[in-house]
Amino acid sequence: MSRVNRATLSLSRINRFMKDKDGGQTCVFVGTVVDDDRLLDFNLKNTVCALRFTKTAKARILKAGGEVITFDELAKRAPTGSKTVLLRGKRSGRKALKHFGNGPKSHSKYVLVCFREEGTGRKSGCLDYGLLMFESRELYNEWFPRVSQT
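Here it is as structure tokens:
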């Protein structure tokens with residue numbers, strides 16, 4: 001499984017999603033279940049199914065009265081997937097995603113650079129290259145009211 005799709009799920013998120021469910025449901029997660037030190041009291045008595053568990057997460061689930069199973073055991077218990085809740089991890093929690101998108105304090109779209117298309121019969125690109133310095137055409141028209149855009 002690639003690192004992009006290998007999001008983890010903490011016990012606090014399992015606790016949050018499963019607290020409103022009835023006791024007979026199984027929490028299913030394709031990935032690793034990790035412990036959360038910020039969660040002081042973990043009192044979930046449901047069954048948790050995942051690919052992997054950390055040692056501390058497994059110990060806390062078992063201590064609370066829950067059960068830890070793998071997918072082969074889940075296939076024997078619930079072949080149709082009844083009474084299961086499928087959870088997924090936060091895919092936008094990767095450190096690399098911090099660097100994508102607009103810069104800080106920037107609440108506008110990227111500036112689109114217009115280039116001249118070459119060849120006869122082609123569309124011309126941006127006729128006003130000064131427009132690239134402004135966030136919108138309205139600001140450009142305020143600064144240069146006599147320049148016409150076509």
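What the sequence shown shows, in my numbering, is residues 1 to 150, in sequence order. Even for Gly, the Cβ is constructed at its ideal location relative to N, Cα and C.
Straight-line spacing of the CA atoms in L39 and T26 works out to 21 Å. When DSSP states are grouped into helix, strand and coil, R38 belongs to the coil group. Counting C-beta atoms within 10 angstroms of its own C-beta, D35 has 16 or more neighbours from the protein chains shown and is therefore classed as buried. In the displayed model, T80 falls within coil according to three-state DSSP, outside both helix and strand. By the neighbour-count criterion, in which 16 or more other beta carbons inside 10 Å mark a residue as buried, S10 falls on the buried side.
Using a 10 angstroms sphere on the CB of L51, the tally of other CB atoms stays under 16, which defines it as exposed. For A57, the number of other beta carbons within 10 angstroms of its own is at least 16, and it is reported as buried.
Looking at the DSSP output, T47 bridges to T26 and E67.
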